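Engineer:
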Amino acid sequence: MKKILITGGAGFIGSHVVRHFVKKYNQYKIFNVDCLTYAGNLTNLSDIEGYSNYEFIKEDINNDEAIFALFEKEQFDAVIHLAAESHVDRSISNPKAFIQTNIMGTVNLLNASKKIWGEENKENLFFHVSTDEVYGSLGDTGHFTEETSYDPRSPYSASKASSDHFVRAWYHTYKLPIIISNCSNNYGPNQFPEKLIPLFINNIINNKPLPVYGKGENVRDWLYVIDHAEAIDVIFHNGKVGDTYNIGGHNEWKNIDLIKVLCKVMDEKLGRPENTSEELITYVKDRAGHDLRYAIDASKLQNELGWKPSVQFEEGLKLTVDWYLNNKEWLNNVTSGDYQKYYENQYLKR
Ligand code: NAD
Ligand code: DAU
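Sequential numbering of the sequence shown, starting at 306, is according to the numbering used here.
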């Protein structure tokens, strides 16, 4: 039985990746290593808790001794690395946590993999899950390809870019078998309500203002999270060692246009009169260094490995809204306690 370590499996994307692998591949044992920060939540995986090919281990990837010991003990065959600090706004107010986990934590995992795999590692793989933000910010035209030069502009994207460079360095220097994927904005169930879509869903439910940064003209390329998990599966099994694959939704939206569609869906689902939610839109001070536009060219992944997104945005958005409305307890749990302090600092003192 192949042993696969997935880091950050209690978070948003990680939980969908863990579920996907556990359910689809009973010939693999999936180990989910997560230290359960504010963004990690084991209820995201309560449906697979009892599966015999799944094990959760609470550990911090910054703890190099514990990580080494775990690799020695379990002798993982492959790693899919998602654990990270992931929110741009938090990286602006607290960059060091991003440098620690996203860079040093990644290096700990690279070192542990190198130690147990050596250079005779034809069957092993270190799969690093990264972001399109490493490429910087686009103007009105153009797309990021795998050849686009790195130009990170926030502490978050700088930390992810740095981790990508370290992963490639371990490939070139130590022959560690690696693959990197760089994906666009994900949305879907279980996303922590600090990110645009779940934050706005939660605020609409509670009749709170919808804080649009700047003029709402920034553009993002949105991908349903289950399509991302599928892409990771395809790349994990068929990707070329040493290569990079961009993953995107071919689905660009100006923030304000997306927010208006979301408001309409929420009014319908909540049975509120038309335009009720739109009236909550409030323009606030822009995010510092706010990247204007991200757009991914995912043609390499489509042409070489046959992956393309399967969920249309309107459908994915409705599925997402339904999930949050049907899981109000999840939403209430994650928005109690520390979240209130975060919200106050991020929005009420702006
Ligand atoms: P998330 O914040 O929802 O989840 C991160 C998970 O990592 C949490 O479960 C957290 O507890 C865990 N974690 C954080 N620090 C840790 C540490 N030191 N040790 C162990 N576990 C730790 O993030 P997400 O949105 O699911 O993103 C997952 C990965 O995908 C990240 O690497 C992110 O950069 C990348 N990514 C995210 C998006 C997106 O749109 N969300 C897009 C492209 C790439
Ligand atoms: O592109 C991939 C990246 O997408 C991932 O690597 C990151 O982990 C993920 O957080 C996401 O980054 P963004 O900064 O694009 O996502 P966020 O949801 O924070 O913001 C989306 C857009 O909405 C962005 O232009 C900022 C804007 N925004 C966001 C929030 C939270 C607002 O206008 N108001 C808000 O309150």
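Idealized CB from N, CA, C, for every residue including glycine.
Because the structure is a prediction, the values reported are computed rather than measured.
Excluding the 5 residues flanking K378 on each side, which residues of the same chain have their C-beta closer than 7 angstroms to its C-beta?
Structural biologist: none
Engineer: Who are the Cβ neighbours of L597 in its own chain at under 6 angstroms, not counting the five residues just before and after it?
Structural biologist: S442 and N523
Engineer: Need the endpoints of the beta strand (DSSP E) that Y479 sits in, please.
Structural biologist: Where Y479 is concerned, there is no enclosing beta strand (DSSP E), although the alpha helix (DSSP H) it sits in stretches over P460 to Y479.
Engineer: By Cβ distance, which residues of its chain are closer than 8 angstroms to G444, with the 5 residues on each side in sequence left out?
Structural biologist: L597 and R598
Engineer: Can you tell me whether N349 is buried or exposed, with buried defined as 16 or more other CB within 10 angstroms of its CB?
Structural biologist: buried
Engineer: Nearer than 7 angstroms: is that true of the beta carbon of S391 relative to any heavy atom of the ligand DAU?
Structural biologist: yes
Engineer: According to DSSP, is E360 helix, strand or coil?
Structural biologist: It is a strand residue.
Engineer: Where does V566 land, buried or exposed, given buried means 16+ other C-beta within 10 angstroms?
Structural biologist: With fewer than 16 other Cβ atoms within 10 Å, it is exposed.
Engineer: Assess contact between the segment 426-435 and the segment 373-388, defined as three or more Cβ pairs (one per stretch) separated by less than 8 angstroms. Is contact present?
Structural biologist: yes
Engineer: For L598, which residues does DSSP report across the bridge?
Structural biologist: In the sequence as presented, Leu is not what sits at residue 598; that position holds Arg. Answer by DSSP bridge pairing, in chain order: L443 and V524.
Engineer: Does DSSP classify I509 as helix, strand or coil?
Structural biologist: helix
Engineer: What whole-angstrom Cβ distance do S459 and G594 have, given they're in contact under 8 angstroms?
Structural biologist: 6 angstroms
Engineer: Using a Cβ-Cβ cut-off of 7 angstroms (strictly less than) and excluding sequence neighbours within five positions of D456, which residues of its own chain qualify?
Structural biologist: Y440 and G441.
Engineer: Please state the DSSP three-state secondary structure of N491.
Structural biologist: strand
Engineer: Is Y361 near the ligand NAD, judged by its Cβ being under 7 angstroms from some heavy atom?
Structural biologist: The identity of residue 361 in the sequence shown is Phe, whereas the question assumes Tyr. It does not: the Cβ of F361 is nowhere closer than 7 angstroms to a heavy atom of the ligand NAD.
Engineer: Whole angstroms is fine: what's the gap from D572's alpha carbon to R473's?
Structural biologist: So the two alpha carbons sit approximately 47 angstroms from each other.
Engineer: Assuming Q607 and F317 make a contact with CB atoms under 8 angstroms, what is their CB distance in whole Å?
Structural biologist: Actually they are not in contact, since the Cβ atoms of Q607 and F317 sit about 24 angstroms apart, beyond 8 angstroms.
Engineer: Can you have a look at P516 and say buried or exposed, based on whether 16 or more other CB atoms are within 10 angstroms of its CB?
Structural biologist: The residue is buried, with at least 16 neighbouring Cβ atoms inside 10 Å.
Engineer: For Y550, write down the residues that DSSP places opposite it in a beta bridge.
Structural biologist: S486
Engineer: Do G521 and I561 come within 8 angstroms of each other at the CB atom, strictly closer than that value?
Structural biologist: yes
Engineer: Taking Cβ to Cβ, would you say F557 is nearer than 8 angstroms to C568?
Structural biologist: Here residue 557 is Glu; the residue named in the question, Phe, does not match the sequence. Taking 8 angstroms as the Cβ cut-off, E557 and C568 do not qualify as a contacting pair.
Engineer: Grouping DSSP H, G and I as helix and E and B as strand, with all else coil, what is N407?
Structural biologist: helix
Engineer: What's the C-alpha gap between E619 and H533?
Structural biologist: 17 angstroms
Engineer: Ends of the alpha helix (DSSP H) at N638?
Structural biologist: K633 to V639
Engineer: Looking at S435 and the ligand NAD, is the gap between the Cβ and the nearest heavy atom below 7 angstroms?
Structural biologist: Yes, the beta carbon of S435 sits closer than 7 angstroms to at least one heavy atom of the ligand NAD.
Engineer: In the segment 365-394, which residue ranges form an unbroken beta strand (DSSP E) of at least 3 residues, counting only runs that do not cross its ends?
Structural biologist: 383-386
Engineer: How big is the Cα-Cα spacing for V393 and K480?
Structural biologist: Roughly 32 angstroms between the two C-alpha positions.
Engineer: Measuring only from the beta carbon, is R525 closer than 7 angstroms to any heavy atom that is part of the ligand DAU?
Structural biologist: yes
Engineer: Let me know if D627 comes out buried or exposed under the rule of 16 or more other beta-carbons within 10 Å of its beta-carbon.
Structural biologist: With fewer than 16 other Cβ atoms within 10 Å, it is exposed.
Engineer: Can you grab the Cα-Cα spacing for the pair F403 / K465, in whole Å?
Structural biologist: 9 angstroms
Engineer: I need the DSSP call for K559, collapsed to helix, strand or coil.
Structural biologist: strand
Engineer: From Y476 to I408, what does the alpha carbon distance come to, in whole angstroms?
Structural biologist: 16 angstroms
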